[in-house]
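Protein chains in written order, with our numbering: chain A, 1 to 111; chain B, 1001 to 1114.
For every residue, glycine included, the Cβ atom is placed at its ideal position computed from N, Cα and C.
Keep in mind the model is a prediction, meaning the values are calculated, not measured.
The structure appears below as structure tokens.
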């Protein structure tokens, strides 16, 4: 069935370093992908999205890469800050009108 | 702030009871989706409403039902509550009926069933 999974449940990064969070998806019909950040006690916060006709998209300090050949998505955060500490989810959607989320990766930023 | 508001923020109910959760979508958005997020898990899609009609449903039993009003606000109703219904319930609003547009989430309602 459809699934979106994350390779690492917890990622620990030193402040100032770059972070890379990975995600694998299994639905080849997926055509839109979103990364969300969720802090404790809050709802998911939209970070960046990418459509299947692109392989890279950049935002402020964040970059999303999409490799459709191996069905892999990554989120790169440049110069990671303490405020980046949170759980990060990738989500995908295809022809269905729903987002399918993975279980999340916890990013811990150490000083 | 996303402009999506949910009420109440926390709720405690007894097994077997019924609950209604409410969501006001972001201004200009006509689509509302509901998700259930168990502790330590990613959100799971319950259903979506577009222009007051259900527009897709996830793998949830019929005791999970919803409504969307002309102003695009929405309710999630759960009957015959079970202990496993304890979760964070999230509402997301977006502009189109399909999922492939930005979806913005509210803060969620934390439901505890005892």
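Looking at the structure shown, is residue 84 of chain A part of a helix, part of a strand, or coil, going by DSSP? Locating residue 84 of chain A in the first chain gives position 84, where the first residue counts as 1. Note: residue 84 of chain A maps to helix in three-state DSSP.
In three-state terms, what does DSSP make of residue 17 of chain A? Working through the first chain from its first residue, we reach residue 17 of chain A at position 17. In the structure shown, residue 17 of chain A sits in coil (DSSP, three-state: anything other than H, G, I, E or B).
Limits of the unbroken beta strand (DSSP E) element including residue 1068 of chain B: Taking the second chain and counting its residues from 1, one reaches residue 1068 of chain B at position 68. Here the beta strand (DSSP E) through residue 1068 of chain B covers 1064-1068.
Where do the N-terminal and C-terminal ends of the beta strand (DSSP E) with residue 1110 of chain B fall, by residue? As a working mapping, residue 1110 of chain B is identified with position 110 in the second chain. From DSSP, the beta strand (DSSP E) with residue 1110 of chain B extends over 1109-1113.
Straight-line Cα distance separating residue 25 of chain A from residue 72 of chain A: For the purposes of this step, residue 72 of chain A is identified with residue 72 of the first chain, where counting begins at 1. For the purposes of this step, residue 25 of chain A is identified with residue 25 of the first chain, where counting begins at 1. Each residue's Cα considered, the two are about 6 Å apart.
I'd like to check one pair, residue 1072 of chain B with residue 1010 of chain B: are the Cβ atoms closer than 8 Å? For the purposes of this step, residue 1010 of chain B is taken as the residue at position 10 of the second chain. For the purposes of this step, residue 1072 of chain B is taken as the residue at position 72 of the second chain. No, the Cβ-Cβ distance between residue 1010 of chain B and residue 1072 of chain B is not below 8 Å.
Proximity test, Cβ basis, 8 Å: residue 66 of chain A and chain B: The residue labelled residue 66 of chain A in the question sits at position 66 within the first chain. No, residue 66 of chain A lies away from the interface with chain B (no Cβ there is under 8 Å from its Cβ).
In terms of alpha-carbon separation, which member of A:48, A:69, A:50, A:84 lies closest to residue 108 of chain A? Translated into the one-based positions of the first chain, residue 108 of chain A becomes position 108. Nearest C-alpha to residue 108 of chain A: A:84.
Within the continuous beta strand (DSSP E) that includes residue 1047 of chain B, where are the two ends? Taking the first residue of the second chain as position 1, residue 1047 of chain B is located at position 47. Here the beta strand (DSSP E) through residue 1047 of chain B covers 1044-1050.
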